[in-house]
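Scroll down for the structure; my scribbles are underneath it.
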Amino acid sequence: MSHTIAEGENALAPASALPSYLEADNLGPWGNYLQQVDRVIPHLGNLSRWAETLKRPKRILIVDVPIHMDDGTVAHFEGYRVQHNVSRGPGKGGVRFHQDVTLSEVMALSAWMSVKNAAVNVPYGGAKGGIRVDPKKLSLGELERMTRRYTSEIGIIIGPNKDIPAPDVNTNEQIMAWMMDTYSMNTGSTATGVVTGKPVDLGGSLGRREATGRGVFTVGSEAARHIGMDIATARVAVQGFGNVGGVAGKLFAEAGARIIAVQDHGGTIYQEAGLDVPALLLHVARTGSVAHFEKAEVLADELFWEVDCDILIPAALEQQITAANAGRIKARMVIEGANGPTTPAADDILKERNVLVVPDVIANAGGVTVSYFEWVQDFSSFFWDEDEINARLVKIMKTAFAGIWQVAQEKQVSLRTATFIVACQRILHTRELRGLYP
Ligand code: GLU
């Protein structure tokens, strides 16, 4: 079976008219998302009459987050929570702390959560949050105060049956513990189900921390099988070596693959014979980045995209693979561990060059899938063992990917458009069933 999957449409369809509050924006991730939606609309049949729903977030909350700094001053941070769609269930999606967070980015991330959650058929809509802050510049106390004030501010729209945050870039179990505690204190309850990705001792789920990387590995292995690529001899390049890229890299290495290049905010390292992944994970845990890892060469950052490899895993931030570097990528397959790493223009270039792109909205859905298990366990106060969690995760990911692969073959579209077809049909079907109220 060929992995050359042709799009039904040719060039980019124009993005639809923007809501007025975004007119001055430079499009960015939200613009990319709108273009992805435009590519799916021709495949939605009668449901396409509801498609405008996908182009408008249901609810946006922008909050001021003032905190006392350690030096006695008061600092203000800008926070967001966007609920893109709640037709299939409560909003669900992470919270990111990053100095470059913008409203349009959070809007796109919330929309990709709607698509992702529908793609793996967990009963959630899509949401996302963020604070525009460099958390590395805060003390632990400042980080806690900022997290708690943000949680209080968005407390009016989150809740176990309304919208359930989780970790994302630069947020972790400790931050989820503070969010759970703040919401619980404010509501006079023990509301473990208000966030997922919590510490296991606080209603978290076994396997949650590794789930996104495990899902990337599971879906990537399935895709490799379809195109006749042997994981055991594959050369892999990974961008981002944190919770997603680090775990995926470890699992690929355990399956026999050679991780030959890794890039993160500290730089780019290369080792033709394959990096010592366990040692690299320890180094990153100790120092915060891959820089100064002894058992590797240093590579100029720009050269990362040209590394001669079989699999490329962008597992950092959005808009990394663009029209500027897509033509130089040598991998046969890109597995998107990050959200939104490939622009639509780059998608077209990769398609032309027969590079298979396994899109974020299925490839990194393992995290939210185990978040769903965590939420279910919290409601029943009955906790499963790790083997059960991993087995259920793998089953959901494989089933979802098989369905998406089939749609891609039948309709001769990319895996991204196929995932959007499956997911948007589910979202808009519930939209239609529920109808408009009032
Ligand atoms: N932040 C993760 C994502 O982008 C997980 C979200 C969740 O578990 O709700 O998929």
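Just so you know, the sequence shown maps onto residues 1 to 438 in this note's numbering. No residue lacks a Cβ here, since even glycine has one placed at the ideal position from N, Cα and C. Since we're looking at a predicted model, the values are computed, not measured.
Quick one: Cα of residue i to Cα of residue j, how far?
{"i": "T192", "j": "I131", "result": "22 Å"}
{"i": "L140", "j": "T147", "result": "11 Å"}
{"i": "A300", "j": "Y372", "result": "40 Å"}
{"i": "K137", "j": "G403", "result": "44 Å"}
{"i": "V95", "j": "V195", "result": "10 Å"}
{"i": "R225", "j": "D64", "result": "48 Å"}
{"i": "Y80", "j": "M185", "result": "21 Å"}
{"i": "R258", "j": "G245", "result": "14 Å"}
{"i": "V106", "j": "R286", "result": "30 Å"}
{"i": "E302", "j": "L312", "result": "14 Å"}
{"i": "Y150", "j": "H76", "result": "11 Å"}
{"i": "L12", "j": "M180", "result": "Note that L12 scores a pLDDT of 40, beneath 50, so its modelled location is shaky and nothing firm can be said."}
{"i": "L18", "j": "D100", "result": "Summary for L18: the model assigns pLDDT 48, below 50, so the residue's position carries little reliability, and this model does not support an answer."}
{"i": "D308", "j": "I321", "result": "16 Å"}
{"i": "L251", "j": "G72", "result": "46 Å"}
{"i": "I396", "j": "V120", "result": "7 Å"}
{"i": "L47", "j": "A296", "result": "52 Å"}
{"i": "E388", "j": "P438", "result": "43 Å"}
{"i": "D38", "j": "A51", "result": "9 Å"}
{"i": "G367", "j": "V200", "result": "15 Å"}
{"i": "T399", "j": "G242", "result": "27 Å"}
{"i": "W305", "j": "P314", "result": "10 Å"}
{"i": "L415", "j": "G28", "result": "22 Å"}
{"i": "S152", "j": "I158", "result": "10 Å"}
{"i": "A346", "j": "W405", "result": "21 Å"}
{"i": "I5", "j": "V219", "result": "Note that I5 scores a pLDDT of 36, beneath 50, so its modelled location is shaky and nothing firm can be said."}
{"i": "L34", "j": "T268", "result": "32 Å"}
{"i": "E222", "j": "F382", "result": "31 Å"}
Could you say which of the options lies nearest to residue i if we only look at CA atoms?
{"i": "I60", "options": "W384, T171, T369 and D163", "result": "D163"}
{"i": "R353", "options": "G337, I335, R328 and G366", "result": "R328"}
{"i": "E254", "options": "R235, I227, Q35 and V74", "result": "R235"}
{"i": "A423", "options": "A365, V394 and E306", "result": "A365"}
{"i": "A326", "options": "A316, L317, G337 and V357", "result": "V357"}
{"i": "E210", "options": "E144, P341 and L393", "result": "L393"}
{"i": "R145", "options": "V169, K128, Q174 and G129", "result": "Q174"}
{"i": "A331", "options": "M229, P135 and T190", "result": "M229"}
{"i": "A324", "options": "I311, D348, F252 and A316", "result": "D348"}
{"i": "Q412", "options": "P29, V40 and R56", "result": "V40"}
{"i": "G31", "options": "T399, G340, T419 and A363", "result": "G340"}
{"i": "H104", "options": "G155, A127, P160 and G240", "result": "Going by the sequence as given, residue 104 is Ser instead of His. The residue with the shortest Cα to Cα distance from S104 is A127."}
{"i": "P42", "options": "I421, L282 and Q409", "result": "I421"}
{"i": "Q453", "options": "P344, I335, V334 and D310", "result": "Lying outside 1 to 438, the shown extent of the chain, residue 453 is not represented and no answer is given."}
{"i": "G203", "options": "T187, M176 and E222", "result": "M176"}
{"i": "Y124", "options": "H292, V169 and R431", "result": "R431"}
{"i": "N170", "options": "G197, S189 and Y183", "result": "G197"}
{"i": "G240", "options": "R208, I231, G274 and L281", "result": "L281"}
Output the boundary residues of the alpha helix (DSSP H) element that contains residue i.
{"i": "H43", "result": "Neither: H43 is in no alpha helix (DSSP H) and is coded neither H nor E."}
{"i": "D452", "result": "Past the edges of the chain, shown from 1 to 438, lies residue 452, and the structure says nothing about it."}
{"i": "Q239", "result": "Here Q239 belongs to no alpha helix (DSSP H); instead the beta strand (DSSP E) covers R235 to Q239."}
{"i": "L280", "result": "V277 to T287"}
{"i": "L138", "result": "Segment: none, L138 is in no alpha helix (DSSP H) and carries neither H nor E."}
{"i": "D181", "result": "E173 to T187"}
In terms of residues, what are the limits of the beta strand (DSSP E) holding residue i?
{"i": "N85", "result": "V74 to N85"}
{"i": "H226", "result": "Where H226 is concerned, there is no enclosing beta strand (DSSP E), although the alpha helix (DSSP H) it sits in stretches over R208 to H226."}
{"i": "M333", "result": "M333 to I335"}
{"i": "V95", "result": "V95 to H98"}
{"i": "E410", "result": "Taken as a continuous stretch (DSSP letters only), E410 belongs to no beta strand (DSSP E), being part of the alpha helix (DSSP H) at E386 to K411."}
{"i": "K58", "result": "Here K58 belongs to no beta strand (DSSP E), and DSSP marks it neither H nor E."}
{"i": "Y270", "result": "G267 to Y270"}
{"i": "P314", "result": "I311 to P314"}
{"i": "K351", "result": "Not the beta strand (DSSP E): K351 falls in the alpha helix (DSSP H), residues P344 to E352."}
{"i": "R132", "result": "G126 to R132"}
{"i": "E297", "result": "E297 to L299"}
{"i": "L356", "result": "L356 to V358"}
For residue i, verify whether its CB is less than 7 Å away from any heavy atom of ligand 1.
{"i": "N339", "result": "yes"}
{"i": "P160", "result": "no"}
{"i": "D378", "result": "no"}
{"i": "P90", "result": "no"}
{"i": "G94", "result": "yes"}
{"i": "A331", "result": "no"}
{"i": "T151", "result": "no"}
{"i": "S139", "result": "no"}
{"i": "S110", "result": "no"}
{"i": "G197", "result": "yes"}
{"i": "S114", "result": "no"}
{"i": "S371", "result": "yes"}
{"i": "A315", "result": "no"}
{"i": "A323", "result": "no"}
Answer yes or no: the CB of residue i versus the heavy atoms of ligand 3, is any distance below 7 Å?
{"i": "N243", "result": "No copy of ligand 3 occurs in the structure displayed; its ligands are ligand 1 alone."}
Against chain C, does residue i count as a neighbour if the rule is that its beta carbon must be under 8 Å from one of theirs?
{"i": "P90", "result": "Included in the structure is just one protein chain, with no chain C present."}
>> Using a Cβ distance threshold of 8 Å, determine whether the stretch 108 to 115 contacts the stretch 82 to 92, with at least three qualifying pairs required.
In response: Yes: the two stretches touch, three or more of their Cβ pairs being nearer than 8 Å.
>> Pairs of beta-carbons, one from the stretch 257 to 271 and one from the stretch 212 to 227, closer than 8 Å: are there three or more?
In response: Verdict: no, contact absent.
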